[in-house]
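Residue numbers (UniProt numbering), protein chains in the order written: chain A, 1 to 273; chain B, 1 to 273; chain C, 1 to 273; chain D, 1 to 273.
Okay, here's the thing in structure tokens:
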């Protein structure tokens with residue numbers, strides 16, 4: 001853990017998002033999730049912005065986790081909707097979120113939209129607009145859906161709301177004015193270089209770095225996708241996060257060298273600027 | 001509860017499936033699910049075959065619930081796969097199920113396939129074939145998917161395995177040799193009449209009853225689908241099961257009379273044979 | 001061609017469906033489709049019931065093909081909806097079909113529903129109910145969708161309408177009262193045996209034959225699916241129908257022996273009753 | 001027609017894309033498509049870059065249309081894959097396109113990817129890479145898919161290939177270096193303003209204009225989507241393009257005033273810079 005925190009620091013990460021998708025929140029029990037969050041708070045409070053993801057299960061557990069997150073002092077919390085019983089309307093999402101957000105009423109709250117995994121394809125902008133008056137601590141959304149149009153649209157909900165984004169189209173995001181992308185820890189340095197190039201108007205370098213991110217997606221696909229590959233990539237950066245929980249399968253040991261070579265060829269370990 | 005058990009008896013129900021989809025298992029906490037099961041055991045043990053559904057969350061909780069189900073003495077238990085992290089291969093499903101089935105090794109175990117809600121579209125027959133030698137208490141599957149071809153195919157996995165079915169194409173199932181359909185409590189009487197007609201070779205009556213089941217689907221769709229409608233229909237049969245948990249929305253009170261009229265016009269409250 | 005007709009006769013086929021999906025209608029030009037149909041009429045008129053599929057392209061061409069089908073004297077014709085511009089409502093389907101059916105007003109007309117290829121998922125029963133009064137020669141539907149519940153539901157539209165079915169769940173269909181399945185030419189003999197067993201109440205044999213049909217689906221999948229495999233299977237029965245049109249890929253020659261062995265092991269070349 | 005051409009000129013349109021999706025290519029017969037193209041050539045040759053879309057039907061007709069397009073002297077042509085028989089691999093797409101591109105070997109050719117309508121979800125970049133050596137006149141792709149990551153990825157195929165884009169995330173495209181968006185004629189002026197703001201680094205104005213494009217999508221959805229709405233919007237700009245072909249439904253006359261008001265409130269008729 002300490003090694004991981006040092007690594008994130010080195011990568012110039014400024015915020016962590018705990019027990020989300022890559023943190024496998026929905027595969028952990030309530031007690032495990034509380035323990036993970038407490039560890040982050042203990043070791044990293046003040047060093048990073050800490051955001052807890054409290055959804056992925058039923059509403060009662062999400063309420064319990066949100067209350068806990070508020071008590072231990074996270075900087076913000078976010079919640080997804082359940083993926084088995086799927087909310088059919090934006091109104092149902094807001095009704096579902098209301099008591100969850102209210103469980104830590106003084107902590108900023110975000111709606112976590114990851115439609116391709118939850119199977120809930122609704123309008124994020126409308127959810128924010130409906131929620132604005134009913135969820136006082138609602139501050140925006142973490143938008144991890146592939147549709148760029150939905151991302152930009154969600155930024156139009158309200159000037160005071162903030163959209164964090166989990167996609168890898170960082171350069172497009174910067175242009176669209178999404179200021180807070182959420183990047184895998186190990187790519188944070190690379191992203192900071194992209195951001196710098198964009199701000200300097202050096203679009204050629206910016207596109208070059210964006211091309212690396214796109215190739216990283218291809219590598220991910222090549223090795224079968226899923227949490228197993230992500231953990232293996234982190235391992236290539238020198239941090240061992242262990243194996244994923246079933247039904248996600250572990251990354252095969254005998255492919256690790258190939259993966260490392262692919263990453264090296266892409267130049268992700270190099271300084272680019 | 002006692003009223004519901006009496007009602008099920010009157011409807012000639014022979015088995016109950018607890019904390020499955022209609023029992024909203026995934027919307028309950030672990031403790032709530034244990035309590036629901038214990039209540040069923042206390043009131044209905046020996047009167048019905050009691051099958052506990054222990055999935056819908058993460059693997060650890062499914063193991064805990066399965067162990068509990070074995071200890072309180074269910075007749076069988078079944079488990080679905082998670083809907084957020086989706087198993088990508090039949091092998092991953094079997095790896096996921098192994099320790100869950102092993103948590104109650106002397107109790108018959110079934111794989112619960114409900115693909116349109118979990119988003120996991122895999123081959124049930126292959127899962128049973130792979131699992132046969134690795135899960136000693138595996139006895140078959142509860143197949144609640146819309147594809148009739150997949151249902152029949154799954155019956156071919158092994159002669160000693162049993163396929164329970166959650167679809168409403170009962171007449172087709174009977175022809176295909178699926179012997180143990182799982183029917184909503186309130187339709188059980190109607191189903192028994194269908195079965196009787198089929199056994200007597202009275203296909204005209206059998207098709208007439210099947211047509212009623214199909215129309216019931218239409219009514220369900222007409223009122224928006226979901227758990228709210230199912231609870232409202234049960235209410236029309238005289239048993240109040242309360243409101244569904246969010247994100248499922250409650251059935252609007254002012255439509256209850258319309259629903260009752262639709263059901264009456266369909267003849268579901270009449271004796272048919 | 002003559003050899004194929006003799007083969008179909010030997011297989012006890014009673015009807016042919018020209019330029020449908022397996023006849024690759026949508027991959028042929030209007031002139032080619034007319035020529036194929038004229039050939040069938042010339043060689044097989046009176047020997048088989050001949051049904052022309054006139055859809056798969058734009059409405060004007062469907063009208064032209066339907067007019068032609070009526071003029072050359074088909075027994076019936078059927079039409080699917082376009083797969084690029086997708087009809088969004090049942091009303092749009094009926095408006096689309098009206099002038100097509102009217103192009104051969106004295107010939108029985110069927111709506112051809114093959115939702116998984118057209119991408120148009122609408123309610124077949126509702127289309128028949130809407131069309132009943134507006135399309136005088138509408139006689140039913142050819143239902144080639146995987147959902148068995150939709151199949152049965154469509155039989156409830158009108159007592160005078162007929163549902164032909166393109167699925168392979170033949171035994172289920174017989175039970176549900178669908179009287180006219182549409183079977184691949186080479187499986188017709190097998191289907192006749194299934195029908196005979198069902199009528200005699202010999203459900204054990206019926207299920208055994210149905211199991212063969214299900215295994216045939218698996219073989220199809222094993223070799224990659226598509227029109228190429230279907231043509232290769234027909235070739236194993238001794239009739240060479242040539243190669244499919246692109247974008248369907250041809251079946252690789254070096255796998256033909258394996259396919260033949262798989263079919264032999266399944267017993268499809270044997271007499272079963 | 002002349003009025004439409006003048007209108008496009010006024011809107012500062014520089015290129016036209018004939019018989020594509022909005023030109024309803026797949027709903028026209030081969031002869032109609034040739035006639036439409038000849039009219040464009042006659043009236044607009046030299047005024048606009050004219051690109052003919054020759055796909056949407058079977059391969060033979062696409063070859064015929066491509067040959068014709070070359071003969072009448074289009075500046076470029078593009079072709080989509082069929083939507084009924086769906087290409088399953090990138091290799092199948094390239095095999096399908098080869099003879100089509102070869103029908104006008106001296107004219108620049110583009111692959112037209114519109115996955116959400118054809119149902120063919122393949123990797124555009126891989127198609128371009130595979131096609132590079134086998135299709136000498138291949139110059140790039142028209143990418144009309146919603147996935148921004150696929151758009152950027154396709155720009156990485158080859159430095160000499162050009163990606164035209166049909167999405168409405170124009171600002172994101174500009175940042176990603178996609179230089180040739182394909183815009184509805186009536187929005188061309190608006191787009192030019194967006195481009196100007198972007199080049200001047202005035203991101204605030206650029207985002208404001210992008211927000212108008214996003215709101216236009218919402219208006220499209222509000223009125224039911226489809227070709228009918230697009231024709232109605234063009235009508236609000238003063239150009240009557242008639243009714244769409246079935247199965248697309250016409251826009252209801254009594255909603256035209258509402259639509260006009262919505263567009264006016266959005267400011268699309270105003271000068272913005």
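Where a beta carbon is used, it is the ideal one built from N, C-alpha and C, also for glycine.
Hey, how far is the Cα of residue i from the Cα of residue j?
i: residue 54 of chain C; j: residue 25 of chain D; result: 19 Å
i: residue 166 of chain D; j: residue 20 of chain D; result: 11 Å
i: residue 218 of chain C; j: residue 224 of chain D; result: 40 Å
i: residue 67 of chain B; j: residue 252 of chain A; result: 31 Å
i: residue 194 of chain B; j: residue 124 of chain C; result: 25 Å
i: residue 105 of chain D; j: residue 135 of chain D; result: 9 Å
i: residue 43 of chain D; j: residue 117 of chain C; result: 39 Å
i: residue 153 of chain C; j: residue 211 of chain B; result: 7 Å
i: residue 240 of chain B; j: residue 61 of chain A; result: 26 Å
i: residue 46 of chain D; j: residue 254 of chain C; result: 53 Å
i: residue 128 of chain B; j: residue 197 of chain B; result: 32 Å
i: residue 244 of chain C; j: residue 189 of chain A; result: 52 Å
i: residue 242 of chain B; j: residue 137 of chain B; result: 35 Å
i: residue 126 of chain A; j: residue 161 of chain A; result: 13 Å
Given that a residue counts as buried once 16 or more other Cβ atoms are within 10 Å of its Cβ, and exposed if not, what is residue i?
i: residue 221 of chain C; result: exposed
i: residue 82 of chain A; result: buried
i: residue 39 of chain D; result: exposed
i: residue 226 of chain D; result: buried
i: residue 200 of chain C; result: exposed
i: residue 113 of chain B; result: buried
i: residue 231 of chain D; result: buried
So, helix, strand or coil for residue i, using DSSP?
i: residue 85 of chain A; result: coil
i: residue 80 of chain A; result: coil
i: residue 95 of chain D; result: helix
i: residue 42 of chain C; result: helix
i: residue 206 of chain C; result: helix
i: residue 274 of chain B; result: With chain B running from 1 to 273 in the structure shown, residue 274 of chain B is simply not present.
i: residue 187 of chain B; result: helix
i: residue 4 of chain D; result: helix
i: residue 284 of chain D; result: Not covered by the structure: residue 284 of chain D. The range shown for chain D is 1 to 273.
i: residue 15 of chain D; result: strand
i: residue 251 of chain B; result: coil
i: residue 269 of chain B; result: coil
How is the beta strand (DSSP E) around residue i delimited, first residue to last?
i: residue 143 of chain A; result: 138 to 143
i: residue 162 of chain C; result: 162 to 165
i: residue 72 of chain C; result: From DSSP, residue 72 of chain C is part of no beta strand (DSSP E) but of the alpha helix (DSSP H) over 59 to 72.
Which residues mark the beginning and the end of the alpha helix (DSSP H) in which residue i is found?
i: residue 29 of chain B; result: Premise fails: residue 29 of chain B is in no alpha helix (DSSP H) and is neither H nor E.
i: residue 236 of chain B; result: 227 to 236
i: residue 54 of chain C; result: Here residue 54 of chain C belongs to no alpha helix (DSSP H), and DSSP marks it neither H nor E.
i: residue 128 of chain B; result: 124 to 131
i: residue 151 of chain A; result: 148 to 155
i: residue 174 of chain D; result: 170 to 176
i: residue 117 of chain B; result: 115 to 118
If residue i and residue j are in contact, beta carbons under 8 Å, what's the gap, nearest whole angstrom?
i: residue 7 of chain B; j: residue 237 of chain B; result: 7 Å
i: residue 207 of chain D; j: residue 259 of chain D; result: Their Cβ separation, rounded to whole angstroms, is 25 Å, which puts residue 207 of chain D and residue 259 of chain D out of contact at 8 Å.
i: residue 93 of chain C; j: residue 87 of chain C; result: 5 Å
i: residue 248 of chain B; j: residue 85 of chain A; result: 5 Å
i: residue 111 of chain D; j: residue 76 of chain D; result: With 8 Å as the limit, residue 111 of chain D and residue 76 of chain D do not qualify as a contact, their Cβ atoms being about 12 Å apart.
i: residue 80 of chain A; j: residue 119 of chain A; result: That belief does not hold up - the Cβ atoms of residue 80 of chain A and residue 119 of chain A are roughly 11 Å apart, past 8 Å.
Any chance the CB of residue i is under 8 Å from a heavy atom of the ligand GTP?
i: residue 95 of chain D; result: As far as ligands go, the structure on display features none, and thus does not contain the ligand GTP.
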